[in-house]
Amino acid sequence: MYSRTYNSVIPLESYLLAGNLSDFMASVVDSMRWIDILFPISTLIAGFWVRRYAPEARLAWRRVVHYMTIIIAVGAICGLLLVPKGGFSKTIDDMQSANYYSCVTPEYTFFGSLLYDAMHTDAPCTPQIQEEVKTWFALQPNYVPLSDSISERKNLVVVLCESLESWVIGLRMEGKEITPNLNRAIADTQTLYAPNTLTQVKGGRSIDCQLLLNAGLLPLRSGCYAMKYTGNNYHTLTKAIASTYNSRSYLLTVDKPVTWNQAQVAKAFGIDTLLSKDSWRLDEKVGSRKKLGDVSFMRQAVEKMKTGEIWKRGEHVYLQFVTYSGHNPFILPDNLKRIHFKGNYPQKMLDYMTMANYTDYAVGILLQYLKSRPDWHETMVVIVGDHEGLAADRADIRRSAEARRVVSAGQYTPFIVLNSPVAMRYDGVLGQVDMYPTILNLMHLDNYYWRGMGQSILDKRKVAVAVGSQMNIEGDVSHATKVEINRLTQAHTIADWVIRYNMEQSLPILKKD
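Have a look at this one:
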């Protein structure tokens, strides 16, 4: 079900946190299809057959030998067929492209995908890998600082909105704005807005977005960095701001610290204070697990800021919010709904728009407070969708004529910067990894030597092209050279190596020029 929905398998390391699945059970149920009933039915039939014909089904050694011989023979034939392609690992490596990325699990099965993941987990870093990484970074465009005449910001507030896609922003349905607060924010004369930010998260989903935005790294091709590589020497916006402005950092989430190993990720990224599930009053329940809703989350966060529990007076901060309510299946209790529709729309589309409206109201509470602070003039607010939200439901939704009119066919999330020193609307395609260098640019963090793997959208040389989670190439491809397309595609492999071998610490090529 996971592979069908997200075109990848659950990372091998994530099975160690299988207990967390209970928090996302509603999403699991929502991803089920009628065809899935064949799994329990086939098991029941097999059990009935064994029970009914047990005397005739007693195993004999010759039957075991016969069965194992067939298995070994079939395995050997499959292995021989892969030899001309360079072997199992090389074959799957070659499938990491837009046309074949999603075919790995269907073709080589769930177990083949996990085997590939396991084979690459502890593979040694060869001289060839080191050379390819150095070559890639040598070809990366140089970082271009903004003019000193452009004002600086010393506080950064980041809001990661769960599953928020760009198509709902600015949308009116039946005369009603879906996201009135975000609409006003985008219309402000000091806002930078890039609606076509291509999803690049992989197996880590939400936690991958934190890597992309805060560390400027693309996620692992297989597996999840949060499960195994939290001991790496990550260079992040958090650390850059701390080294420049002596700031303090806070991460606010309604989840448990163990969800996606958030506590260890926060520590690795340089977060000073983590406020998680037990830090909040559960007075507004959303979702099947009755997690704290976004509106109450923001209200309580504002209370903590007003009392000085977080963001004390005179303190410079990196402050990150991780919302929860927007998780699939987007079911909001009736008493929390702030918008209603009369039209005959696909149910999933209705639920999604209703939830987006709810989260927008929550963000509005936060923005109203931030703008009232005396340090607003030196505060920059970044609001993003952590990844696309509709996943495999997108095609079904867009079968409706009304849905096709408004629901994007692409996996695009918003990148919104409020109180930006450079105001603009960037309609070209960018990747989530491009957010990191853009924020470095805007905050004049020019002396921080890790520039990330993306390219600032303020750089006039940037081509409006990105390579997504499924190795899909999107954007103005006609104006991109073959060399640039190859560089952007190879970046996914390079990032995988940088994380696995902790290369941010050891490779001089990654340091400041």
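Taking the working numbering, the leading residue of the sequence shown gets 283, the next gets one more, and so forth.
Just so it is clear, CB atoms sit at the ideal spot from N, CA and C, and this is done for glycine as well.
Since this is a predicted model, take the numbers as computed values, not measurements.
If you drop the 5 nearest sequence neighbours on each side, which residues of the same chain put their C-beta closer than 6 Å to that of I460?
Cβ within range, chain order: V450, L453, M635, A638, N639.
In this structure, does DSSP put R707 in helix, strand or coil?
DSSP, reduced to helix, strand and coil, places R707 within a strand of the structure shown.
Below 8 Å on the Cβ atoms is my contact criterion, and I expect T373 with T695 to pass it. Report the Cβ-Cβ distance as a whole number of Å.
Between T373 and T695 the beta-carbon gap is near 32 Å, outside 8 Å, which marks them as no contact.
For K794, is the classification buried or exposed, using 16 other Cβ atoms within 10 angstroms of its Cβ as the cut-off for buried?
Any reading at K794 must be qualified, since the residue scores a pLDDT of 43, below 50, and its modelled position is unreliable; no value is offered.
Please check the pair H774 and L500, which I expect to be a contact at CB under 8 Å, by giving their CB distance rounded to whole angstroms.
H774 to L500, Cβ: 5 Å. Contact.
Is the Cβ-Cβ distance between V540 and K573 less than 9 Å?
The answer is no: Cβ separation not under 9 Å.
Below-9 Å beta-carbon distance, R563 vs any chain D residue:
Among the protein chains of the structure shown there is no chain D, as only one such chain exists.
Endpoints, the alpha helix (DSSP H) within which E684 is located
Counting along the chain, the unbroken alpha helix (DSSP H) around E684 starts and ends at 683-688.
Note down, in chain order, each residue of its chain lying with its Cβ closer than 8 Å to the Cβ of R769, except the 5 sequence neighbours on either side.
Excluding residues within five positions, the ones whose Cβ falls inside 8 Å are W418, L421, Q422.
What did DSSP end up calling I553 once you bin it into helix, strand or coil?
The DSSP-derived three-state label of I553 is coil.
Taking 8 Å as the cut-off, does the region 520-538 touch the region 604-614 (at least 3 CB pairs, one atom from each stretch)?
Segments in contact, yes.
Which of helix, strand or coil DSSP assigns to Y516:
Secondary structure at Y516: coil, using DSSP grouped into helix, strand and coil.
Out of R571, Y507, S561, G596, state which residue places its alpha-carbon closest to the alpha-carbon of M580.
Ranking R571, Y507, S561, G596 by Cα distance to M580 puts S561 first.
Could you tell me the distance, in whole angstroms, from the CA atom of Y730 to the CA atom of S578?
Distance between the alpha carbons of Y730 and S578: 36 Å.
Cβ-Cβ distance between V666 and V440 below 9 Å
Yes. Within cutoff.
By Cβ distance, which residues of its chain are closer than 6 Å to I776, with the 5 residues on each side in sequence left out?
Taken in chain order, the residues that qualify are V415, W418.
Once you ignore the five residues that flank Y600 on each side, which residues in its own chain have a CB closer than 7 Å to its CB?
These residues qualify, in order along the chain: L438, L519, T520, I523, S529, S531.
In angstroms with no decimal places, state the Cα-to-Cα distance between G552 and S488.
G552 and S488: Cα-Cα distance of roughly 18 Å.
Within its chain, find whatever has a CB closer than 6 Å to the CB of F306; leave out the 5 residues flanking it on each side and keep chain order.
The pLDDT assigned to F306 is 48, lower than 50, so where the model puts this residue is not dependable; a value taken from the coordinates is nonetheless given after this. No residues qualify anywhere along the chain.
Segment contact, 8 Å Cβ cut-off, at least three pairs: the region 698-705 with the region 461-474
Per the Cβ contact rule, the region 698-705 is in contact with the region 461-474 (3 or more Cβ pairs under 8 Å).
Hey, out of Y349, L564, E756, K458, whose CA is closest to H622's CA?
If you compare the alpha carbons of Y349, L564, E756, K458 with that of H622, the shortest gap goes to K458.
Rounded distance between the beta-carbons of M735 and G498, thought under 8 Å:
Yes, they are in contact, since the Cβ atoms of G498 and M735 sit about 6 Å apart, within 8 Å.
Nearest residue (CA-CA) to A583, options F612, L648, L564
Per the Cα distances, L648.
Helix, strand or coil for N437 per DSSP?
Strand at N437.
State the Cα-Cα distance for the pair G485 and L502, rounded to the nearest angstrom.
C-alpha separation (whole angstroms): 8 Å.
Y383 to P628, Cα distance in whole Å?
In this prediction, Y383 has a pLDDT of 49, which is less than 50 and means its spatial position is unreliable; nothing more can be read from the coordinates.
Go through its chain and collect everything with a Cβ distance to Q737's Cβ below 7 Å, but skip five positions before and after it.
Closer than 7 Å at Cβ, skipping near neighbours: P423, D716, P719, K744.
Beta bridge counterpart(s) of R454 as assigned by DSSP:
R454 is bridged to E459.
According to the Cβ coordinates, are Y507 and D490 closer than 9 Å?
Taking a C-beta distance under 9 Å as the contact criterion, Y507 and D490 qualify as a contact pair.
May I ask you to list the residues that DSSP assigns as paired with V759?
In the DSSP output, where bridge partners are listed per residue, V759 has none listed.
Consider the C-beta atom of T641 and the heavy atoms of the ligand HEM; say whether any pair is separated by less than 8 Å.
Within the structure as shown, the ligand HEM is missing, as the structure has no ligands at all.
Three-state secondary structure assigned by DSSP to A673:
The answer is coil: DSSP assigns A673 none of H, G, I, E or B.
With 16 other Cβ atoms within 10 Å as the buried cut-off, status of M631:
Classification for M631: buried.
Alpha carbon to alpha carbon, how far is K549 from S324?
Cα-Cα distance, rounded: 46 Å.
I'd like the list of long-range same chain contacts for A380, defined as Cβ closer than 6 Å, with 5 residues on each side in sequence excluded.
Low confidence applies to A380: its pLDDT is 40, below 50, so where it sits in the model is not reliable enough to give any reading.
Buried versus exposed call for N478 [16 or more other C-beta atoms within 10 Å across all chains shown]:
With 16 or more Cβ atoms within 10 Å of its Cβ, N478 is classed as buried.
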